[in-house]
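Residue numbers (this note's numbering): 164 to 638.
The C-beta atom is built at its ideal place from N, Cα and C for all residues, glycine as well.
Heads up: the structure comes next, in structure tokens.
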Amino acid sequence: MTFDISKLTIVEARRALDAKEYSAVELAQAHLDTIQKQNSELNAYLEVYDDVIAQAETADAVIASGQQQALTGIPIAVKDNILIRGKRVSSASKILEGYVASYDATVIERLKKQNTVFIGRTNMDEFAMGSSTEHSAFGRVKNPIDPARVPGGSSGGSAAAVAGGIAVAALGSDTGGSVRQPAAFCGVVGLKPTYGAVSRFGLMAMASSLDQVSPFARTVKDARLLFDAIRGRDANDSTSLPDEFFATKKKQPKTIGVPRAFLTEGMDADVLARFEETLEKLRGEGYTVVDIELPHAPYALSVYYIIMPAEASTNLARYDGIRYGLSVEGADSLDIYRKTRGQGFGPEVRRRILIGTFVLSSGYADAYYRKAIVVRDLIRKDFEKAFTQVDVIATPTVPTPAFRAGEKEDPIAMYAADIFTIPVNLAGVPGISVPMGTVVRDGNNLPLGMQFIAPHGGEDALFTMSEAIERMALQ
Ligand code: GLN
164 MTFDISKLTI
174 VEARRALDAK
184 EYSAVELAQA
194 HLDTIQKQNS
204 ELNAYLEVYD
214 DVIAQAETAD
224 AVIASGQQQA
234 LTGIPIAVKD
244 NILIRGKRVS
254 SASKILEGYV
264 ASYDATVIER
274 LKKQNTVFIG
284 RTNMDEFAMG
294 SSTEHSAFGR
304 VKNPIDPARV
314 PGGSSGGSAA
324 AVAGGIAVAA
334 LGSDTGGSVR
344 QPAAFCGVVG
354 LKPTYGAVSR
364 FGLMAMASSL
374 DQVSPFARTV
384 KDARLLFDAI
394 RGRDANDSTS
404 LPDEFFATKK
414 KQPKTIGVPR
424 AFLTEGMDAD
434 VLARFEETLE
444 KLRGEGYTVV
454 DIELPHAPYA
464 LSVYYIIMPA
474 EASTNLARYD
484 GIRYGLSVEG
494 ADSLDIYRKT
504 RGQGFGPEVR
514 RRILIGTFVL
524 SSGYADAYYR
534 KAIVVRDLIR
544 KDFEKAFTQV
554 DVIATPTVPT
564 PAFRAGEKED
574 PIAMYAADIF
584 TIPVNLAGVP
594 GISVPMGTVV
604 RDGNNLPLGM
614 QFIAPHGGED
624 ALFTMSEAIE
634 RMALQ
């Protein structure tokens, strides 16, 4: 049978599967057929699993028995830094080529309980370092809307799979914007949950105080379904929050804060115009929009590029040529270590390890790392203060639409793409990117994202606001 899967939602697939209009096997096969045609161009999947049909058969049996849940039989894509037992996983790095995961990440375990169908692992910037997916050791991912442009990063493969019609939804990870920014560039929804809302157990650690597994979906409702499936306290992650924490945070948002002074940073005029139009429409729906200050937010990039490399340099020390993946022969263990890391890690990863090691080294830790921790706290307090005045904060997700591949060779220019998303990770609060119309570049309608930010545990308010934008059906 043939049916159009390119815009299929979880909600619609659930209805059709339950109504027996098609089976999970047929749905999975339709995805495999489309991937066959499109993936060599997009390069969104690094691997399509060999047991997709078997997973779908199990899901069909569950549906036949009437025991199905929201995600039973739904085909989803998984970023290549989330562990699935018995499957290869590489963080798009040569250093992990051939490595097979020995256990399931908690998010995977939870999705397996629902018999979700995992289609394959998606391409990404190596070790989640980047904003364009050009830093993958396995080639860049193309933006499905304009192949000359990047899909964003680091979860570019997951975003492109959902936008390109080859996964109904996907998992990514967001440390500084890696789900919201590619969601904005590809025209899909991306949610970065409250730090601790989702277990990090089995997510390859980049910067542990910032990382969150995060869903991509075609609608806000679908993003919520995926979030609900993966969230919750986990004994294996001591930073995961108790479920009761979220129950007390339900509040209907009414007031939206806009950090006007901060929004000038590298802002494209067309993006700003679309943002203002959207705010005007929200006003028309009865929301109050006020200006707020986030005085320390302009320091967020500098702070992030100290804390993130510091944590990453420590986390990546485990890739020693002995315990995981690649091992290059050497005269002794130090020689093996040096050669494996020199050959296995790409240039961006090496750059960050160097920066991280430097900012933590004796004599410099006080000047850089400790100072960054202090400023991080000031950023967190800016948000706390703002949230005494407003229910949510709105910004464009990114100051520009998707840029062209090769356009940002200068690492600092690349880092600037995350100016509006990074403060959210530093503060540990939740943020969402929802499509906010398009701008025309080179004859293509390139999508833009609106970012909403809420206090800790305020995901409900983010969904409410994003659904308001979704209803506007902005073109
Ligand atoms: N682009 C940012 C970086 O390179 C964020 C990455 C991420 O969120 N994983 O660090």
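Residues of the same chain with a CB within less than 8 Å of the CB of A264, apart from the 5 flanking positions on each side, are L246, I247, R248, G249, K250, R251, V252 and G365 in chain order. For a cut-off of 8 Å, the C-beta gap from I239 to I282 is around 7 Å, short enough to register as a contact. In this structure the segment 532-541 does not touch the segment 431-438; the number of beta carbon pairs closer than 8 Å is below three. The closest CA to that of Q218, considering only V174, V561, E189 and A480, is found on E189.
Bounds of any beta strand (DSSP E) do not take in F508, whose DSSP letter is neither H nor E. The continuous stretches of alpha helix (DSSP H) do not include P610, which lies in the beta strand (DSSP E) extending over residues N607 to I616. Around the C-beta of Y527, fewer than 16 other C-beta atoms lie within 10 Å, and the residue is accordingly described as exposed. A distance below 6 Å between beta-carbons, with the five flanking residues on each side excluded, links I271 to the following residues of its chain, in chain order: I247.
The distance from the Cβ of A380 to that of A386 is about 4 Å, consistent with a contact at the 8 Å cut-off.
Spanning the alpha carbons of I582 and Y262 requires a straight line of approximately 34 Å.
Counted as a single uninterrupted DSSP element, the alpha helix (DSSP H) harbouring I226 occupies residues V215 to A227. Beta-bridge partners assigned by DSSP to R394: V361. Here E260 is exposed. Its C-beta has fewer than 16 other C-beta atoms within 10 Å. Secondary structure note for A187: it is in no beta strand (DSSP E), and the uninterrupted alpha helix (DSSP H) holding it is A187 to L205. Remark: fewer than three beta-carbon pairs, one from each stretch, lie closer than 8 Å, so the segment 439-457 and the segment 477-494 are not flagged as touching.
Between G328 and I168, the beta carbon gap of about 6 Å places them in contact (Cβ cut-off 8 Å).
By the Cβ test, the segment 296-310 is in contact with the segment 206-224, since at least three Cβ pairs between them sit closer than 8 Å. If you ignore the 5 residues before and after A432, its C-beta comes within less than 8 Å of no other C-beta in its own chain.
Under the 10 Å beta carbon count, S525 is surrounded by fewer than 16 other beta carbons and is classified as exposed. Our two residues, R312 and L611, have alpha carbons roughly 14 Å apart in a direct line. Cβ atoms of M369 and F425 stay farther apart than 8 Å, at about 25 Å. Exclusion of the five residues before and after A590 leaves I542, R543 and F546 as the residues of its chain whose Cβ lies within less than 7 Å of its Cβ. Between G420 and V553, the gap from beta carbon to beta carbon is short of 8 Å.
Bounds of any alpha helix (DSSP H) do not take in E297, whose DSSP letter is neither H nor E. In this structure, S318 places its C-beta atom within 8 Å of the C-beta atom of G335.
The DSSP-derived three-state label of G283 is strand. If you look at D545, you'll find it isn't in any beta strand (DSSP E); it sits in the alpha helix (DSSP H) that goes K534 to Q552.
Following the DSSP letters along the chain, one finds G335 in no alpha helix (DSSP H) but inside the beta strand (DSSP E) bounded by residues A332 to D337. Rounded to whole angstroms, the separation of the alpha carbons of Q344 and G484 is 33 Å. Going by DSSP, A380 is part of the beta strand (DSSP E) stretching over Q375 to A380. Residue range G594 to R604 is occupied by the beta strand (DSSP E) that includes V597. In the DSSP annotation of this structure, the continuous segment of the beta strand (DSSP E) that includes G420 starts and ends at T418 to V421.
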